[in-house]
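J.: Quick note on this note's numbering: the sequence shown kicks off at 1 and runs consecutively.
Take a look at this one; I'll ask things after.
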Amino acid sequence: MPVHNVDIAEIFEQIADLLDIQGDNPFRIRAYRNAARTVRDLGTELSALKIQGVDLTRLPGIGKDLADKINEILRTGGTTALKKLKQATPRGLPELLKLPGLGPKRVKALQEQLDIHTLKQLRAAAASGKVRSLPGFGPKSEQQILQAIETQLSASARMLLATAAQYAQSLMEYLHQSKAVQEVVVAGSYRRAKETVGDLDILVTAAKTSDVMSRFVSYDEVKRVLAHGETRATVILRSGLQVDLRVVPPVSFGAALHYFTGSKAHNIAVRRLGQQRGMKINEYGVFKGDQRIAGASEASLFESVGLPFIPPELREGRGEIEAATRDTLPTLIELKHLKGDLHSHSKASDGHHTLRELAEAANKAGLSYLAITEHSRHLSVAHGLDEKRLSGQIEAIDRLNEELKGITLLKGIEVDILEDGGLDLPDTILSRLDLVVGAVHSQFNLPRKRQTERLVRAMNQRYFTLLAHPSGRLLGKRKAYEVDMERIIKETSQRGCHLELNAQPQRLDLNDIHCRMAKDAGVLVSINSDAHRSGDFAYLTYGVGQARRGWLETKDVLNTRALAQLRPLLKQTMG
Ligand code: DGT
Ligand code: CA
Ligand code: CA
């Protein structure tokens, strides 16, 4: 049974979580977390490395013990270490601890005083007002718990796009190995680059349909086969991801691709256009009477209703058909248009690589500038920098820039926005930087008006360039904080500062709707990796996908500018 790097990483994360619950040695816990990241970002499947006889202990952060565990997992799909830990951990504890705001102490109170062991029990208790009376809890924290559970339960059905991509790519490779298979495309929300996907919708054209179907349902990763027909099948993978597969004849490929790419709202609008022209459009083709007049390609389908090709990311029924009709579709940004990245962390705060390693990785990813933006002192869990350490880094970057070729490091900071809207470091040091990225890392629960005021005040500081992850959401974990985004966008435009689209798969923040609002207000968006390791520049792809969903063009994105054009935009016009 092939084991993927993501599976191994997941097992290591689980071990770390359980060790954490048991109060184990922090260094050991950290070793597992680091190993999980190393494995996840490796870029080559460990199973392949093993076949090549590569010594796994040569990987960063992988010692003998971890290498043994990896080998065990590759061999058996699991490890006894995790099984034992699970047996030693009370039922439900890990999921309770994962809720934001619930630490070991509060969970203990819930278990001992209310006999709560599962998320569902906790939801019931919170809903009936039993939680608020416990010491250390109140009506407000009860409400927060309830909300966090809803977010978690509703999110668990959907998977992050970047995670789904790993499973999708393996599956596509597997399908391509069949000689019968011609084209394989993942359609659905995946193709529209939606931040999370409910399931994968795969379309295949093939010489012999039955070969593809039987190959698909016998994929090693398949846990359950829900349906297995002649031209369609549905399975659930071990990861929990559901996959629909359809085999279609080449004459219908474009029509099927269009249909299964969706969205439903877009499909309905296009079908209506067809009806107005006396045509019938479905997943088999475009028909006039009994005659098929188009549908082998998507382009032919669009042409049949008098439209130019509409990129999948725009197909949400949010005005793309009208824009296409008037020939005013945006020319969407592409990954290759990004010239730099304005948000990254080195070892100095909570990153894992040196300045030089990050610079070289960014250069390899095709970028010509990279801003180093460590956390500031207020965020002590991330080893935030104080004035003295930041001053040292400024000098280190100046020195390094004299040696670097093909890339320039910019001096920045991801400075905490304090509760009153002040910044965590004084102007004397901020003035020495190329840019100041402001971010909220605390007090997520302020009332909407106060949260909005806080951000506006921060943007009004003398040195403020860019608002990082503006809504603060963590997909499936934490909702966006309450804030008046319309007002933030307006103020950003008036201040001459900018908004970030953070490309971390769990953030993708700004979201698509807010990207479009920013564009309409003339606010520039910066698509940043927020890299904490050298492999993280790969996340820029997802940032670009989200930007495309937000109708952004090259001109709307700050970091498509060459460095010389960028520099004046980093300095604020207002004092
Ligand atoms: P998801 O899976 O929840 O992330 O979102 P989608 O968009 O991938 O939705 P899914 O998997 O239910 O269906 C795939 C596509 O098939 C969908 O985007 C549009 C098309 N589709 C599904 N049901 C209908 C329908 O009832 N009418 C029309 N016109 N299209 C449909
Ligand atoms: Ca889908
Ligand atoms: Ca589906």
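Here a beta-carbon is modelled for each residue, glycine too, at the ideal position from N, C-alpha and C.
Output the residues surrounding ligand 5, defined as those with a CB atom closer than 5 Å to any ligand heavy atom, in chain order.
T.: Only ligand 1, ligand 2 and ligand 3 can be found as ligands here, which leaves ligand 5 out of the picture.
J.: Across which residues does DSSP place A294 in a beta bridge pair?
T.: Answer is V286.
J.: Got a sec: does ligand 2 put a non-hydrogen atom nearer than 7 Å to the Cβ of S189?
T.: Yes, the beta carbon of S189 sits closer than 7 Å to at least one heavy atom of ligand 2.
J.: Tell me whether S239 counts as near ligand 1, meaning its Cβ is closer than 7 Å to at least one heavy atom of that ligand.
T.: Every heavy atom of ligand 1 is 7 Å or more from the Cβ of S239, so no.
J.: Suppose you measure from the CA of Y284 to the CA of A233; what does that come to, to the nearest Å?
T.: Rounded to the nearest angstrom, the two C-alpha atoms are 18 Å apart.
J.: Enumerate in chain order the residues of its own chain whose CB-to-CB distance from A207 is below 6 Å, with the five nearest sequence positions on each side excluded.
T.: Contacts found: A180.
J.: Quick one: using the 10 Å Cβ neighbour count with 16 as the cut-off for buried, is N511 buried or exposed?
T.: That one is buried.
J.: Distance check for I51 and V440, CA to CA, integer angstroms please.
T.: Cα to Cα, V440 sits roughly 46 Å from I51.
J.: Using alpha carbons as the reference points, say which of V247, R91, L355 lies closest to A531.
T.: For A531, the nearest C-alpha among the options comes from L355.
J.: Look at the Cβ atom of I527, then the Cβ atom of A503, and state whether they are nearer than 8 Å.
T.: Yes, they are a contact pair.
J.: I want to check one thing, is the minimum distance from the CB of S297 to the heavy atoms of ligand 1 below 7 Å?
T.: No, since every heavy atom of ligand 1 falls outside the 7 Å radius drawn around the Cβ of S297.
J.: For ligand 1, any of its heavy atoms closer than 7 Å to the Cβ of V248?
T.: Because no heavy atom of ligand 1 lies under 7 Å away, the Cβ of V248 does not count as near it: no.
J.: Using the Cα positions of D399 and K411, report the straight-line distance between them to the nearest angstrom.
T.: Here residue 399 is Arg; the residue named in the question, Asp, does not match the sequence. Whole-angstrom Cα-Cα distance: 12 Å.
J.: Measuring alpha carbon to alpha carbon, tell me which residue in L418, R33, E360, K364 is nearest L379.
T.: Of L418, R33, E360, K364, the residue nearest in Cα terms is L418.
J.: Please return the same chain residues whose Cβ sits closer than 7 Å to the Cβ of D17, not counting the five positions on each side in sequence.
T.: Once the five neighbours on either side are set aside, the close Cβ partners of D17 are P94.
J.: Ends of the beta strand (DSSP E) at G188?
T.: Segment 188-191 is the alpha helix (DSSP H) holding G188; no beta strand (DSSP E) there.
J.: Given 7 Å as the limit, tell me if K194 has its C-beta closer than that to any heavy atom belonging to ligand 1.
T.: Result yes, Cβ under 7 Å from ligand 1.
J.: Is the beta carbon of I15 within less than 7 Å of some heavy atom of ligand 1?
T.: I15: no, Cβ never under 7 Å from ligand 1.
J.: Taking the alpha carbon of A9 as the point to measure from, which residue in A67, R192, V186 has its own alpha carbon closest?
T.: Residue A67 is the option with its Cα nearest to A9.
J.: Sorted by chain position, which residues of the same chain lie with C-beta nearer than 6 Å to G406's C-beta, five sequence neighbours on each side aside?
T.: Contacts found: N363.
J.: Which of helix, strand or coil does DSSP assign to Y32?
T.: If DSSP states are grouped into helix, strand and coil, Y32 belongs with the helices.
J.: For L307, count the other beta carbons within 10 Å of its own beta carbon; 16 or more makes it buried, fewer makes it exposed. Which is it?
T.: Buried: at least 16 other Cβ atoms inside 10 Å.
J.: Grouping DSSP H, G and I as helix and E and B as strand, with all else coil, what is A81?
T.: In this structure, A81 counts as helix in the three-state DSSP scheme.
J.: What are the start and end residues of the alpha helix (DSSP H) that includes R519?
T.: Reading the sequence as shown, one finds Lys at residue 519 and not Arg. Note, K519: alpha helix (DSSP H), 512-520.
J.: Tell me which residues share the same chain as M574 and place their Cβ nearer than 7 Å to its Cβ, disregarding the 5 neighbours each side in the sequence.
T.: Below a pLDDT of 50, predicted positions are generally treated as unreliable, and M574, at 45, falls in that range; the measurement from the model is reported next regardless. Cβ neighbours of M574 beyond the five flanking positions: R495, G496.
J.: Could you check what DSSP says for E334 in three-state terms: helix, strand or coil?
T.: DSSP places E334 in coil when its eight states are reduced to three.
J.: Sorted by chain position, which residues of the same chain lie with C-beta nearer than 8 Å to G274's C-beta, five sequence neighbours on each side aside?
T.: Excluding positions up to five away in sequence, the list reads K280, I281, V286, S304, V305.
J.: Distance, Cα to Cα, D416 vs G103?
T.: Using only the alpha carbons, I get a separation of about 23 Å.
J.: Put G577 into one of helix, strand or coil per three-state DSSP.
T.: Given that the chain is displayed from residue 1 to residue 575, the structure contains no residue 577 and the question cannot be resolved.
J.: Just verifying my parser: in three-state terms, what is the DSSP assignment at G575?
T.: Note on G575: pLDDT 42, under 50, position unreliable in the model; no value is reported.
J.: In whole angstroms, what is the alpha-carbon distance linking L566 and L425?
T.: Looking at the two C-alpha atoms, the distance is approximately 24 Å.
J.: In chain order, what residues of the same chain lie with their CB nearer than 6 Å to the CB of A518, ignoring the 5 residues before and after it?
T.: If we look at A518 and ignore the five residues flanking it on each side, its Cβ neighbours are I489, L499, V525.
J.: Hey, out of K108, Q182, A81, K194, whose CA is closest to P505's CA?
T.: Closest option to P505, Cα to Cα, is K194.
J.: Taking 8 Å as the threshold, find out whether the region 23-30 comes into contact with the region 39-47 through three or more Cβ pairs.
T.: Contact fails: fewer than three Cβ-Cβ distances are below 8 Å.
J.: With 16 as the cutoff for other CB atoms within 10 Å, does V131 come out buried or exposed?
T.: V131 comes out buried.
J.: Along the chain, where does the alpha helix (DSSP H) that runs through K364 open and close?
T.: First-last of the alpha helix (DSSP H) with K364: 355-364.
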